Ligand SMILES: Cc1cc2nc3c(=O)[nH]c(=O)nc-3n(C[C@@H](O)[C@@H](O)[C@H](O)COP(=O)(O)OP(=O)(O)OC[C@H]3O[C@@H](n4cnc5c(N)ncnc54)[C@H](O)[C@@H]3O)c2cc1C
Ligand code: FES
Ligand code: FES
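Chains as they are written, first to last, in our numbering: chain A, 1136 to 1422; chain B, 537 to 693.
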């Protein structure tokens, strides 16, 4: 029998969670879907060693909604991937996020795992990260004494590392709705279709008028140490003609960017041509 | 130790438990419900699948304290007395049970699917059971059994 040997509290409101987190010491952890926490503790991961209090946030209604007002979508931090996949708002306005969520784990995992847990854990292969990055997602973070907003890009500081401080909880993800002229796509390469850790992911969102690129956002996960936007590529492509030649140049350049970000790794030999071809195809389909 | 109350296979139960044990262990050891199996213990195989408030979840990733007040259904809870559930009958009829280790989880994932989508496509069936690994059957028999059950349940309604 496996026993995590710690206290577990399941408060019913955000106010109580904030109070518990404020009273905490460093061995208190938030527990959402538990798909990283429980496996992490079981596998003896250093990040969860000495946890003596888990604050279960599954019973707080404040972080469970998906809302749209005017040009902004707000997703509660405790929304599960199954909730995301079932939401019409997400299907209509944030299809890249829906596609990313629907590729995660299995039905059982998607029924438990939450969106905030995914990027707070910040594994290189966290699949929502590239999607949220191209949507310019902003997080709302609360503690007993403060409330602030920070962009996801800034929040993610390194593999399995974020800017989250003791006492804080992510409450919301806020996304400006891209207008109808944007089109985008998400691609994931895993070893097999389900329950597969991503080897490579790529998200692209682009708006072009009369074939000229007005705005393009490109991000990747798994292949880079953390999910990241490719700002050099985005600048390079801006205002250029969206033709086959540009798609080819961009896919050439993403190879160089990934090499620069990772240094040469044994797996690069096969990954580089794959990511180049993936980006080329995604871009060509979006023209 | 803490006291938790929940609905287990349609009956109210109360039990003293360590809060940080897995629901998988609670079911097997405190309730002697050994139909719920442990394969991998890390969310990958689906042998430990139960329905929590109607949703298929891996009981190896849920802690005892978390099911306080919830509704839990295990493989032991889907037959009506001595009458097997149509899914169980069809799994047997279609050769979808070989060693049987995956079967409880596989049946429960299919059960959750049919509750939500009474008439699923092949793709929807595959998606619902993608988190349940089977080393024996090759899955075709399982998909056939689920389709047949969907037909029968529709006729009953
Ligand atoms: C079998 C399996 C397959 C998987 N497949 C995929 C996959 O294909 N793609 C993928 O991206 N991921 C995959 N995952 C990982 C994915 O399930 C997790 O990253 C999940 O999204 C984490 O959410 P959770 O609610 O389970 O978080 P938990 O495990 O509860 O928590 C994770 C971390 O986030 C913290 N946390 C949670 N919520 C908050 C909050 N609101 N504010 C602050 N901190 C918080 C916790 O303290 C913890 O440090 C898989 C996992 C398993 C077990
Ligand atoms: S034992 Fe729970 S998923 Fe394998
Ligand atoms: S019947 Fe043996 S694992 Fe499925």
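The beta carbon of each residue, even a glycine, is placed where N, CA and C say it ideally should be. In this text the structure is predicted, and so the values were computed from the model without any measurement.
So what's residue i in DSSP terms, helix, strand or just coil?
{"i": "residue 1363/A", "result": "strand"}
{"i": "residue 1299/A", "result": "coil"}
{"i": "residue 1321/A", "result": "strand"}
{"i": "residue 692/B", "result": "helix"}
{"i": "residue 1344/A", "result": "strand"}
{"i": "residue 1259/A", "result": "coil"}
{"i": "residue 1248/A", "result": "coil"}
{"i": "residue 1253/A", "result": "helix"}
{"i": "residue 1223/A", "result": "helix"}
{"i": "residue 1186/A", "result": "coil"}
{"i": "residue 1211/A", "result": "strand"}
{"i": "residue 1234/A", "result": "helix"}
In chain A, which residues lie with their C-beta within 9 Å of the C-beta of residue i?
{"i": "residue 643/B", "result": "In chain order: nothing, as chain A lies at least about 14 Å away."}
{"i": "residue 663/B", "result": "1237, 1241, 1242 and 1329"}
If distances are taken between C-alpha atoms only, which option among the options comes closest to residue i?
{"i": "residue 680/B", "options": "620/B, 580/B and 646/B", "result": "646/B"}
{"i": "residue 1142/A", "options": "651/B, 555/B and 659/B", "result": "555/B"}
{"i": "residue 622/B", "options": "692/B, 594/B and 608/B", "result": "692/B"}
{"i": "residue 1432/A", "options": "1416/A, 1354/A and 1215/A", "result": "Because chain A is modelled from 1136 through 1422, residue 1432/A falls outside the range shown and cannot be assessed."}
{"i": "residue 1364/A", "options": "1267/A, 1314/A, 1228/A and 1422/A", "result": "1267/A"}
{"i": "residue 1200/A", "options": "1274/A, 1292/A, 1348/A and 1222/A", "result": "1222/A"}
{"i": "residue 1405/A", "options": "1376/A, 1366/A and 1358/A", "result": "1358/A"}
{"i": "residue 1242/A", "options": "1258/A, 1220/A, 1415/A and 1263/A", "result": "1220/A"}
{"i": "residue 1272/A", "options": "1224/A, 1183/A, 1337/A and 1289/A", "result": "1289/A"}
{"i": "residue 1164/A", "options": "1260/A, 1187/A, 1179/A and 1146/A", "result": "1187/A"}
{"i": "residue 487/B", "options": "544/B, 543/B, 566/B and 560/B", "result": "Because chain B spans 537 through 693 in this model, residue 487/B falls outside it and cannot be assessed."}
{"i": "residue 1257/A", "options": "1277/A, 1276/A, 1294/A and 1233/A", "result": "1294/A"}
{"i": "residue 1281/A", "options": "1305/A, 1264/A and 1249/A", "result": "1305/A"}
{"i": "residue 1213/A", "options": "1227/A, 1166/A and 1285/A", "result": "1166/A"}
{"i": "residue 1369/A", "options": "1360/A, 1338/A, 1361/A and 1345/A", "result": "1338/A"}
{"i": "residue 1217/A", "options": "1198/A, 1209/A, 1238/A and 1231/A", "result": "1238/A"}
Between residue i and the rest of its own chain, which residues show a CB-CB distance below 6 Å, the 5 nearest in sequence each way excluded?
{"i": "residue 1317/A", "result": "1340 and 1342"}
{"i": "residue 1157/A", "result": "1279 and 1302"}
{"i": "residue 1419/A", "result": "1382"}
{"i": "residue 634/B", "result": "672 and 673"}
Please list, in chain order, the chain B residues whose beta carbon lies closer than 7 Å to that of residue i.
{"i": "residue 1187/A", "result": "Chain B residues near residue 1187/A: none, gap ~10 Å exceeds 7 Å."}
{"i": "residue 1177/A", "result": "577 and 578"}
Between which residues of its own chain and residue i is the CB-CB distance below 7 Å, once the five residues before and five after are set aside?
{"i": "residue 1177/A", "result": "1137"}
{"i": "residue 677/B", "result": "630, 631 and 632"}
What in chain A is Cβ-close to residue i, meaning under 7 Å?
{"i": "residue 680/B", "result": "Here the premise fails: no neighbours, minimum Cβ distance about 20 Å."}
{"i": "residue 565/B", "result": "1136"}
Determine the chain B residues that contact residue i at a beta-carbon separation under 9 Å, and present them in chain order.
{"i": "residue 1350/A", "result": "None at all; the shortest Cβ gap to chain B is about 34 Å."}
{"i": "residue 1139/A", "result": "554, 555, 556, 557, 558 and 599"}
{"i": "residue 1419/A", "result": "Simply none; closest approach about 26 Å."}
{"i": "residue 1193/A", "result": "602"}
At a CB-CB cut-off below 8 Å, which residues of chain B make contact with residue i?
{"i": "residue 1147/A", "result": "Here the premise fails: no neighbours, minimum Cβ distance about 11 Å."}
{"i": "residue 1263/A", "result": "Simply none; closest approach about 17 Å."}
Residues of chain A with CB closer than 8 Å to the CB of residue i, please, in chain order.
{"i": "residue 585/B", "result": "1243"}
{"i": "residue 592/B", "result": "1242, 1243 and 1246"}
State whether the segment 1245-1258 of chain A contacts the segment 1168-1187 of chain A, with contact taken as three or more CB pairs (one from each stretch) at a distance under 8 Å. yes
Is it a yes or a no for the segment 614-621 of chain B touching the segment 568-583 of chain B, going by three-plus beta-carbon pairs under 8 Å? no
Taking one C-beta from the segment 604-619 of chain B and one from the segment 1203-1215 of chain A each time, how about it: are there three or more such pairs within less than 8 Å? no
Does the segment 562-574 of chain B come close enough to the segment 1388-1395 of chain A that 3 or more CB-CB pairs lie under 8 Å? no
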